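Residue numbering for the sequence shown is 137 to 542, as defined by the working numbering. Accompanying notes for the structure given below.
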Amino acid sequence: GPPSILSPAPPRSVLLSSFHFLQSPNKLLRLCLAPFRFNLSSSSLALFSSFVLQTCSPAPFTSLESIAMDLDTKYDNYDFPYTAAEAPQGHAGNLTEEQIAQVHQLRMMLESEGYTDRLDTLTMLRFLRARKFDVALSKKMFVECEKWRKDTKLDETVPIWNYEEKPKVARYYKQFYHKTDNDGRSIYIETLGGIDLDAIKRDTSMERMLINLAVEYERLADPRLPACSRKAKNLVETCCTIMDLKGVTLSRVPQVYSYLNQASAISQNYYPERLGKLYLINPPWGFFTVWSVVKGWLDPITVAKIRVLNSGSESELLKHIPAENLPVEFGGTCDCKDKGGCENSDAGPWHEADWAQPAKWEKKAEEKDGKTIENKGSEIETPAVATGVESAPVPEKEEAKQTATA
């Protein structure tokens, strides 16, 4: 029956405090309803929890003191620090009672629809932040992400992926992770000026390029960021991106637009809240004029993460990245000669014995069938849906306003 059958309603303070302190809100709701002899299904419990949040919460929630984090022992089996050194509002370590309740609500709604993976608190928070803590929009975003993962068979692909054509593609388009910045973030470097898709297509396909992008995002989530967190001794869940625009011309824009649009869709729709800092270096003539317009369309939180550097970019980068961690071509001292260059080294805490641990997806794959990256990766088929555009398009403008592009 409808929640209105509860008469008189339990005191707000009892419902709220119990909702927060019990590990499972479902247990709380069953406890609250026990005296009334109700036995609700999981889906009904999820609906009722929404009623509790909307009608039984003291107002305003945002005035309550921020608290650290409410872990769920079923999902939050972290083997790395899970609280940031300086956590902004809405991040682990700086949450209101309302935000913690919204994490529970989102998780319960997803559980009621049969989802069991990726329901840990940090993941729930990333999707909630991406949609300004609108639970309904966050749920929609998560469900679309899971559909895309299923359509592309991403979970099966990650453990056995072998991008053997990478050295050939890198002649025209470099993408690589390399060490960390001053805040412990993994550094991701991308060079756009030399992109020649016609040449690249002789060695690979756009579908494989996009699948590789997704696989690298998965490897960023685990094992790279957990290792960064262990080394930094606090939660690190974003990366520092350097995007080199040297050589970019207007004549190349139409050629690469399709790929970049689909890559952006994957990043924005399926890997929210992974951008910590973005440095756009060596911009072409006229870029600042374009940027002054574009940044007006972006969420202010996203704009604050982006720096466009023209002359003096090397000295500016060195303010935020140790010289020994920055490749020589960007003003640092690192060349990774013993590993074939920085773009081939994948150097970072995720390969250092003190901080590295096997990824959870790697453990699952070994337990399942013992397949390895070397012997199965090149056999993977990459259907058109792997682009991420057909399965879940970029949100409409009205919905996009609810999120930062990061």
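For every residue, glycine included, the Cβ atom is placed at its ideal position computed from N, Cα and C. Only a predicted model underlies this, so the values are computations on that prediction, with no experimental measurement involved.
Please state whether DSSP places residue i in a helix, a strand or coil.
| i | result |
| --- | --- |
| T293 | helix |
| I442 | strand |
| Q311 | strand |
| Y415 | strand |
| C281 | helix |
| H240 | helix |
| I96 | Within the shown structure, residues of the chain are numbered from 137 to 542, placing residue 96 beyond reach of any answer. |
| Y324 | strand |
| T316 | strand |
| I331 | coil |
| N230 | strand |
| D380 | strand |
| C375 | strand |
| S193 | Reliability fails at S193, whose pLDDT of 43 lies under 50, so the model's placement of it is uncertain and the value that follows must be treated cautiously. Coil at S193, not helix or strand. |
| C364 | helix |
| P408 | coil |
| C478 | helix |
| P390 | helix |
| P463 | strand |
| K304 | helix |
| W486 | helix |
Would you mind working out which of the options sits nearest residue i, comparing C-alpha positions?
| i | options | result |
| --- | --- | --- |
| C376 | Q398, D358, N370 and E326 | E326 |
| G422 | L381, Y407 and H314 | L381 |
| N348 | L333, W297 and L356 | W297 |
| Y415 | N446, Q238, S400 and H487 | N446 |
| Y393 | L333, T425 and I378 | L333 |
| A363 | L396, P494 and V464 | P494 |
| P463 | G484, V444 and R443 | G484 |
| H456 | A221, T316, E222 and R265 | T316 |
| A489 | D474, R360, G467 and P408 | R360 |
| E222 | G412, Y353, A237 and R344 | G412 |
| M379 | F263, T288, L242 and P420 | P420 |
| M342 | E354, I236 and L396 | L396 |
| G330 | K310, K337 and R321 | K310 |
| A401 | L346, W427 and T385 | L346 |
My assumption, with CB atoms under 8 Å, is that residue i sits in contact with residue j. Please give the rounded CB distance.
| i | j | result |
| --- | --- | --- |
| G497 | K367 | Correcting the residue identity first, residue 497 is Trp in this sequence and not Gly. The pair is not a contact, with the Cβ atoms about 21 Å apart (cut-off 8 Å). |
| A501 | P295 | 3 Å |
| Y270 | Y211 | The question names Tyr, yet the displayed sequence has Asp at residue 270. Incorrect: roughly 22 Å between the Cβ atoms, too far for contact. |
| N318 | P458 | 7 Å |
| L273 | R267 | 4 Å |
| E373 | L258 | 7 Å |
| S322 | L356 | 6 Å |
Answer yes or no: the CB of residue i versus the heavy atoms of the ligand NAP, is any distance below 7 Å?
| i | result |
| --- | --- |
| D334 | As for the ligand NAP, it is missing from this structure, which has no ligand bound. |
Inter-stretch contact at 8 Å, needing at least 3 Cβ pairs: the region 271 to 291 / the region 446 to 466: no
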